[in-house]
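To start, the structure under review is shown below, and the notes come after it.
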Amino acid sequence: MVLQGLTAMLSHFEEVEIVGTSTTPAGAHRVVAEQKPDIVLSDVRIGRDSGLDFVTELGRTHPEVKAVMLSVYDDEHYLFQALRAGAKGYILKRIDAHELVNHLRRVAEGDIVIDPALAGRVAMSAAKISSGEFWPGANLGLTQRESEVLALVVSGHSNKGIAGKLVISDDTVKTHIRSLYRKLDVQDRGGAIAVALREGIFK
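Residues -11 to 191, numbered by my numbering, are exactly what the sequence shown covers, in order.
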């Protein structure tokens, strides 16, 4: 329903041509391969899959295509993940149609676009980074939430236990764990724990 509404909304703008849509990463990859769009709009979640993983893979297979996240998640940690995955923009779904198209135009012209609602918090986070005040693991590229998940992994919690502690779903825990595995360049929990202890992230 959201996808249909977005498609209908954007179809009113002459400068926008929608060449395809998909509700799965695999389908999105097929559309990109066949249609070669300038920009791909993706959510942080694509059904039960990770839109961040999709954007990372898109950067490997079609680096010329610019990815923009359009999400309901008003959270700078998702923004940081999206930018690290290669996204050229992070926009909240509450934006109106004209603003969205304007942001897409800027991305097409080479800009990086961040929703104004998040820009202030990003500036504060940047200030904390420069002053050395940040969460454990930030220097390895972990978001604050990934750092929290890693701390619980080191403490021996299962995915279900982590979900209960952080009040998030099991699928979200799996997404965070996949992401931190990728960033730490490890394959499993043992590898993640080894890196955390080696780097002095968690004692």
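Think of the CB as a built atom: it goes at the ideal place given N, C-alpha and C, for glycine as much as any other residue.
Checking the sheet assignment: what are the DSSP bridge partners for residue i?
| i | result |
| --- | --- |
| L58 | I79 |
| D103 | Answer is none; D103 lacks a bridge partner. |
| R33 | S38 |
| I27 | K54 |
Identify, in the order they occur along the chain, each residue of the same chain with its Cβ nearer than 8 Å to the Cβ of residue i, setting aside the five sequence neighbours on each side.
| i | result |
| --- | --- |
| Q23 | V7, G8 |
| T12 | I34, G35, D37 |
| V155 | none |
| A151 | S157, D158, T160, V161 |
| E3 | V89, R93 |
Buried or exposed, going by whether 16 or more other CB atoms sit within 10 Å of the CB of residue i?
| i | result |
| --- | --- |
| L140 | buried |
| H91 | buried |
| S(-1) | exposed |
| E97 | exposed |
| V20 | buried |
| R18 | exposed |
| R133 | buried |
| L(-9) | exposed |
| S30 | buried |
| R(-5) | In the sequence as displayed, the identity of residue -5 is Thr instead of Arg. So T(-5) ends up on the exposed side. |
| G125 | buried |
| A65 | A small correction: the amino acid at residue 65 is His; Ala does not occupy that position in the sequence shown. It is buried - the Cβ of H65 has at least 16 other Cβ atoms within 10 Å. |
| I100 | exposed |
| G178 | exposed |
Note down, in chain order, each residue of its chain lying with its Cβ closer than 6 Å to the Cβ of residue i, except the 5 sequence neighbours on either side.
| i | result |
| --- | --- |
| A14 | none |
| A73 | L40, V43, T44 |
| G188 | none |
Closer than 7 Å by C-beta to residue i: which residues in its own chain qualify, once you throw out the five before and the five after it? Chain order, please.
| i | result |
| --- | --- |
| A180 | L138, V141, L168, Y169, L172, V174 |
| H50 | V20 |
| F1 | V89 |
| K81 | L58, S59, V60 |
| K148 | D158 |
Determine, using beta-carbon pairs with one atom in the stretch 167 to 185 and one in the stretch 129 to 138, whether at least three such pairs fall under 8 Å.
yes
Counting Cβ pairs, one atom from each stretch, are 3 or more of them under 8 Å apart for the stretch 33 to 47 and the stretch -3 to 7?
no
Sufficient close CB pairs (3 or more, under 8 Å) joining the stretch 39 to 50 to the stretch 94 to 107
no
So does the stretch 177 to 185 actually touch the stretch 50 to 58, counting three or more Cβ pairs closer than 8 Å?
no
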